[in-house]
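The opening residue of the sequence shown carries number 17 in the numbering used here; numbering runs sequentially from there. Below you'll find the structure, written out as structure tokens, and then a few comments.
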Amino acid sequence: MSKKIRVAIIGVGNCASSLVQGVYYYKDAKEDDFIPGIMHPVLGGYHISDIEFVAGVDIDERKVGKDLSEAIFEYPNNTYKFVDVPKLNAKVYRGMTHDGIGKYLSGIIKKAPGPTENISKIFKDLGVDVVVNFLPVGSE
């Protein structure tokens with residue numbers, strides 16, 4: 017298929033890191049390749065390589081403003097790095113914190129300065145097709 021699936025990730029933590037790395041790692045997989053954890057490299061006419069990450073949303077000052085390819089490796093993320101992800105031209109935007117930060121993360125994460133970005137407008141402007149929500153549980 018020629019159309020890309022434009023994906024935004026909310027919550028640029030360890031799960032996001034694994035997803036982004038995995039998509040990049042398996043981008044050249046053949047349809048009959050055995051891939052642990054992936055039943056079908058092609059689904060509905062779309063190949064893994066048709067997934068295009070276009071934005072991230074987070075609140076951590078170490079991640080906001082960076083390219084998603086860099087933010088996925090920022091502390092406190094500690095997912096094993098199994099592939100070098102090239103620059104994706106996918107900015108990480110400042111998300112909202114209206115319900116606070118959970119007690120476990122509040123001592124680790126410092127909120128990025130500035131106002132919350134208009135996430136819905138950004139997603140519309142970027143033509144996002146799919147939003148993956150990796151927000152942690154345990155807010156105040």
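Backbone N, C-alpha and C fix where the C-beta goes; we use that ideal spot for every residue, glycine too.
Report the rounded CA-to-CA distance for residue i versus residue j, giving the unit in angstroms.
i	j	result
residue 92	residue 142	28 Å
residue 21	residue 144	8 Å
residue 74	residue 131	12 Å
residue 19	residue 67	9 Å
residue 135	residue 111	7 Å
residue 185	residue 48	This structure does not reach residue 185, given that the chain is present from 17 up to 156, and the question cannot be answered.
residue 17	residue 58	Interpretation of residue 17 is limited by its pLDDT of 49, a score under 50 that renders its predicted location unreliable; the figure taken from the coordinates is listed afterwards. So the two alpha carbons sit approximately 10 Å from each other.
residue 90	residue 46	31 Å
residue 96	residue 140	32 Å
residue 29	residue 150	7 Å
Let's see if you can read the secondary structure: which residues bound the beta strand (DSSP E) around residue i?
i	result
residue 72	67–74
residue 24	21–26
residue 120	Careful: residue 120 lies outside any beta strand (DSSP E) and carries neither H nor E.
residue 109	108–110
What residue range is occupied by the uninterrupted alpha helix (DSSP H) comprising residue i?
i	result
residue 144	Note, residue 144: premise wrong, no alpha helix (DSSP H); not H, not E.
residue 40	30–41
residue 86	84–87
Go ahead and label residue i buried or exposed: buried means 16 or more other beta carbons lie within 10 angstroms of its beta carbon, across all protein chains shown.
i	result
residue 76	buried
residue 152	exposed
residue 23	buried
Original post:
Can you find at least 3 beta carbon pairs, one from the region 77–86 and one from the region 113–122, that sit closer than 8 Å?
Top reply: No: fewer than three Cβ pairs fall under 8 Å.
**OP:** Say whether the region 88–107 touches the region 46–62, bearing in mind that this needs 3 or more beta-carbon pairs closer than 8 Å, one atom from each stretch.
**Re:** no
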